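Converting from the sequence shown to my numbering requires adding 332 to each position, the first position being numbered 1.
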Amino acid sequence: MPEHSPLPKVLAGPLLRRLEPQRLVFWLVGSEPLQPELQLSIAAKHHLNSQVIAIGRHAFVHLIDVQLTTPLPTDVQIDYDLLLNGQGMADWAAHALYEEAVRPNFVVRGHLDHLLHGSCRKPHHPAADGLLCADRLLAAPHAPAERPALLMMSGDQVYADDVAGPMLRAIHALIERLG
Numbered sequence: 333m334p335e336h337s338p339l340p341k342v343l344a345g346p347l348l349r350r351l352e353p354q355r356l357v358f359w360l361v362g363s364e365p366l367q368p369e370l371q372l373s374i375a376a377k378h379h380l381n382s383q384v385i386a387i388g389r390h391a392f393v394h395l396i397d398v399q400l401t402t403p404l405p406t407d408v409q410i411d412y413d414l415l416l417n418g419q420g421m422a423d424w425a426a427h428a429l430y431e432e433a434v435r436p437n438f439v440v441r442g443h444l445d446h447l448l449h450g451s452c453r454k455p456h457h458p459a460a461d462g463l464l465c466a467d468r469l470l471a472a473p474h475a476p477a478e479r480p481a482l483l484m485m486s487g488d489q490v491y492a493d494d495v496a497g498p499m500l501r502a503i504h505a506l507i508e509r510l511g
C-alpha cells in the first residue's frame, strides 16, 4: 500500500444542521474520534452531547447536539466556534470562514421570511452551481434581519445514477484511503 500523508482531523464540516432557539445540531466527519467544545459570543449555558459513529478506519461521523438552558435571541448575529484540542476553527478550518471573519456565525430568525432552496447537484453539468450562488449571497454583509431564515435542501442531493468518471475514481480512492 502506498505511503500517505497524514489526514486532517476534520475531513468534512462542520455543518450547522439544525438551529432552534434552545438547540443547535452540528455535523462533521473526523479522521479520528474528536471531543469538540462550543463557544458562543453570547452568554448561554449549554449541554453538549457528541455522538461518534465509525464509518471507516479513518472516518468518524460526529453528531453534536447542543441543548441551551435559555433561548437564543432572535434576529441577532451570534458568533460561534467549535474548538478541537483548544484550537478554534480559524486554526483548523480557516478555508470555511468568509473573508475577514474570525469565527462563523448564525442568526435565529424570528420569522421565516427569506428562504434559500437547493436541490440535487451534478458537478459535471454545464449549468452554474446553485449552492455557489447561495454561498456568495451568505458571504456578502447583511443586517441580521436580511439574512435567509432557512436553507431547505430537497431532492436526493446527488445524481447517484449519473456520476462522472473522474468523480467516481476519486470516490473509490477516498473509500480506499478512509477504510
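Each residue gets a CB set at the ideal place from its N, CA and C atoms; glycine is no exception. Model, not experiment: these values are computed from the prediction.
query, result
"From L482 to S382, what distance separates their C-alpha atoms?", "24 Å"
"By DSSP's criteria, V357 is part of a beta bridge. Which residues make up the other side?", "R350 and D397"
"Enumerated in chain order, which unbroken segments of the beta strand (DSSP E) with a length of 3 residues or greater are wholly contained in the stretch 358–392?", "369–372 and 378–388"
"Is the separation between the beta-carbon of V342 and that of A425 shorter than 8 Å?", "yes"
"In chain order, which beta strand (DSSP E) runs of at least 3 residues are fully inside the stretch 408–476?", "409–415, 437–439 and 447–450"
"Indicate whether the contact test is met: 3 or more Cβ pairs, each with one atom in the stretch 361–372 and one in the stretch 380–398, closer than 8 Å.", "yes"
"Is the distance from the Cβ of H378 to the Cβ of L400 below 8 Å?", "yes"
"Suppose you measure from the CA of S337 to the CA of P436; what does that come to, to the nearest Å?", "28 Å"
"Write down the C-beta distance between Q354 and Y412 rounded to the nearest angstrom, noting that I regard them as a contact closer than 8 Å.", "Actually they do not touch by this definition, with Cβ atoms about 15 Å apart."
"Spell out the partners DSSP gives M484 in its beta bridges.", "H449"
"Please report the distance separating the alpha-carbon of L339 from that of V384.", "18 Å"
"Taking DSSP's pairing of strands, which residues face A344 in a bridge?", "V361"
"Using a beta-carbon distance below 8 Å, is S382 in contact with chain C?", "Among the chains in the structure shown there is no chain C, since it carries only a single protein chain."
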